[in-house]
Amino acid sequence: MPGALRQFAIQYPPLLERGMARALLRRFRAAPWGVGLVLLAPLVIAACSGDPYPQSTLHPTSDTGRAIDALYRQIFWWAVAVFVVVQTALIVTIIRFRNRPGAAEAKQIHGNTAVEIAWTLAPAAILVAIAIPTIKTIFQVAGDAPSGAVQIEVIGHQWWWEYRYPELGVVTANELHLPQGRPVALAISSADVIHSFWAPKLSGKRDAMPGRITRLVFTPDSVGTYLGQCAEFCGPSHANMRLRVMVDTPQAFDAWVAHQTAAPVAVDSAQAMILAGEAAFKKIRDPANHSCIVCHTMAGVSGGVAGPNLSHVGSRTTIASGLLPNDSAGVARWLRDPVAEKPGSLMPKIDLTDDEIAALVAYLQSRN
Ligand code: CUA
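Reminder that position 244 of the sequence shown reads as 245 in the numbering used here, one-by-one numbering, no gaps.
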């Protein structure tokens, strides 16, 4: 408790009753403990958590992710050691060599060769100890993909992700499927501005730049759904440029590929709603010539490439770059006003009737 406050509380009984002054004193004496507890609370609460951090780099699930994490932990403990040594020296110095009343003037010294050499060499040695594993990890992470790696082109768009598997003939959006235990080689680029592909639990982040290819190579080791998102500011809906990585068992991955490359489900002439939806999908709308088919590929129907490929859109769990669930309500909401859902969306608001929206929802959901 500050001395001035104590003086005030004790010396001004006309302003503060004695009892009140004592209560105040007690309160201020307790204050540092209170502040300490409040500061500690987040640590305690964090320790109780299971896995509330779906985008934490501290829980890696791939070979390169673990290599980066191991390096991080190594450097963290070096930093802890440096912190402890420096702070201990500082505190000991402050206490031991503090000025005492009546003490003689301290001995004045200048320079000490042994100390100078020691505190030059010690940090240099620590930096070398950090540099060796760092350089090793950089080469490990940036190495070439092993033969047999699944080749995937990742293309950033404002504001969604396109994934192409050239060897497998699959084109999809926003939800990247990978086989567990097989190396994958991502070739990352952009169709417009600079984005950055980042699925923190799987691997490091890589910028997606137009006209240039960056690479990310890793082997996912655990089945699951991993969240990620664009990590480079790219316009009004940067924060809405989410992504999901589904790591499947090898069998499930093969089944997914077979499903994605299968011929489109034929529209049954008895399915009036789906037929109406297909008609609405193809309709050219004056005066701006807006139409779904201008921007979207739908196997057997259209070949637009400005927007996500919708050939098997019904098989995805979310739409609009993870913004909405891929259910009737989510799709209807998106079709009603994409720009309201995703500010700046290149998909414009088109005046669709409620009947058209219902038909389009039925059609898109049937395209799985
Ligand atoms: Cu794309 Cu930020």
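Ideal placement from N, C-alpha and C gives every residue a C-beta, glycine not left out.
Item to check | Contacts around Pro201, its chain only, beta-carbon distance under 7 Å, and the 5 residues preceding and following it disregarded | outcome: Answer for Pro201: Gln56, Ser57, Thr58 and Gly229, listed in chain order.
Item to check | Test: His239 CB closer than 9 Å to a CB of chain C | outcome: Among the protein chains of the structure shown there is no chain C, as only one such chain exists.
Next on the checklist: Helix, strand or coil, according to DSSP, for Tyr164 in the structure here?
Outcome noted: Three-state DSSP puts Tyr164 in a strand.
Item to check | Segment contact flag, the region 351-358 with the region 202-214, C-beta cutoff 8 Å, min 3 pairs | outcome: The region 351-358, when compared against the region 202-214, does not touch it at the 8 Å Cβ threshold.
Checklist entry - Exposed or buried, Leu16, counting other C-beta atoms within 10 Å across all chains shown (16 or more means buried)? => result With a pLDDT of 46 at Leu16, under the threshold of 50, the predicted position of this residue should be treated as unreliable, though the coordinate-derived value follows. Burial call: exposed.
Item to check | Inter-residue Cα distance where the pair is Leu91 and Leu128 | outcome: Distance between the alpha carbons of Leu91 and Leu128: 22 Å.
Checklist entry - Got a sec, what are the start and stop residues for the beta strand (DSSP E) Ser190 sits in? => result Val185 to Ser191 is the span of the beta strand (DSSP E), which, as asked, contains Ser190.
Next on the checklist: If contacts are defined as beta-carbon pairs under 8 Å, then Ser303 and Trp160 qualify, I think. What distance do you get, rounded to the angstrom?
Outcome noted: Between Trp160 and Ser303 the Cβ distance is about 22 Å, and since that is not below 8 Å, they are no contact.
Checklist entry - Taking just the CA atoms, how far does Ser312 sit from Arg368? => result In this structure, the alpha-carbon of Arg368 lies about 6 Å from that of Ser312.
Checklist entry - By Cβ distance below 7 Å, which residues in the same chain neighbour Leu72 in space, the five residues on each side in sequence not counted? => result By the criterion of a C-beta distance shorter than 7 Å, Leu72 is surrounded in its chain by Pro134, Thr135 and Thr138, once the five residues flanking it on both sides are discounted.
Next on the checklist: As a quick exercise: from Pro326, Tyr54 and Gly308, pick the residue whose alpha carbon is nearest that of Ser316.
Outcome noted: Closest by alpha carbon: Pro326.
Checklist entry - DSSP puts Val151 in a beta bridge; with which residues? => result Paired residue(s): Val185.
Item to check | Three-state secondary structure assigned by DSSP to Leu16 | outcome: Confidence in Leu16 is poor, its pLDDT being 46 and thus under 50, which makes the residue's placement unreliable; the coordinate value appears in the next sentence. DSSP places Leu16 in coil when its eight states are reduced to three.
Next on the checklist: Please state the DSSP three-state secondary structure of Ile156.
Outcome noted: Shown here, Ile156 sits in a strand according to DSSP, grouped into three states.
Item to check | Unbroken alpha helix (DSSP H) run spanning Met274, endpoints | outcome: That run of the alpha helix (DSSP H) goes Ala273 to Lys283.
Checklist entry - So what's Met2 in DSSP terms, helix, strand or just coil? => result The pLDDT assigned to Met2 is 46, lower than 50, so where the model puts this residue is not dependable; a value taken from the coordinates is nonetheless given after this. Judged by DSSP in its simplified three-state form, Met2 adopts coil rather than helix or strand.
Checklist entry - The alpha helix (DSSP H) spanning Gly212 covers which residue range? => result If you look at Gly212, you'll find it isn't in any alpha helix (DSSP H); DSSP assigns it neither H nor E.
Next on the checklist: For Phe282, tell me which candidate among Glu342, Glu106, Ala307 and Tyr364 has the shortest Cα-Cα distance.
Outcome noted: Ranking Glu342, Glu106, Ala307 and Tyr364 by Cα distance to Phe282 puts Tyr364 first.
Item to check | Short Cβ contact (9 Å threshold) for Asn290 with Val172 | outcome: The answer is no: Cβ separation not under 9 Å.
Item to check | Neighbourhood of Pro14 by C-beta distance below 7 Å, restricted to the same chain and skipping five residues each side | outcome: Only weak support is given to the placement of Pro14: the predicted model assigns it a pLDDT of 48, under 50, and the value that follows is read from those uncertain coordinates. Within its own chain, no residue has a Cβ closer than 7 Å to the Cβ of Pro14 once the five positions on either side in sequence are excluded.
Item to check | Span of the beta strand (DSSP E) around Asp249 | outcome: Judged by DSSP secondary structure, Asp249 falls within the beta strand (DSSP E) whose first and last residues are Arg243 to Asp249.
Next on the checklist: Helix, strand or coil for Gln230? Go by DSSP, reduced to three states.
Outcome noted: Here Gln230 sits in strand by DSSP.
Next on the checklist: Tell me the DSSP secondary structure of Thr138 in three-state form.
Outcome noted: DSSP places Thr138 in helix when its eight states are reduced to three.
Checklist entry - By how many angstroms is the C-alpha of Pro180 removed from the C-alpha of Asp255? => result One C-alpha to the other measures close to 8 Å.
Next on the checklist: In the DSSP output, what is Thr319 paired with across the bridge?
Outcome noted: Partner(s): Pro326.
Checklist entry - Is Ala300 helix, strand or coil by DSSP? => result Coil.
Checklist entry - Which residue from Ala132, Arg183, Phe198 and Cys293 puts its Cα closest to that of Ala150? => result Distances from the CA of Ala150 to each of Ala132, Arg183, Phe198 and Cys293 were compared; the closest alpha carbon is that of Arg183.
Next on the checklist: Could you check if Gly229 belongs to the surroundings of the ligand CUA, using beta carbon to heavy atom distance under 8 Å?
Outcome noted: No, the Cβ of Gly229 stays beyond 8 Å of every heavy atom of the ligand CUA.
Item to check | Three-state secondary structure assigned by DSSP to Ala174 | outcome: Looking at Ala174 - three-state DSSP - the assignment turns out to be strand.
Next on the checklist: My output table needs one value for Gly35: the three-state DSSP class, helix, strand or coil.
Outcome noted: In this structure, DSSP gives Gly35 a helical state, which the three-state scheme calls helix.
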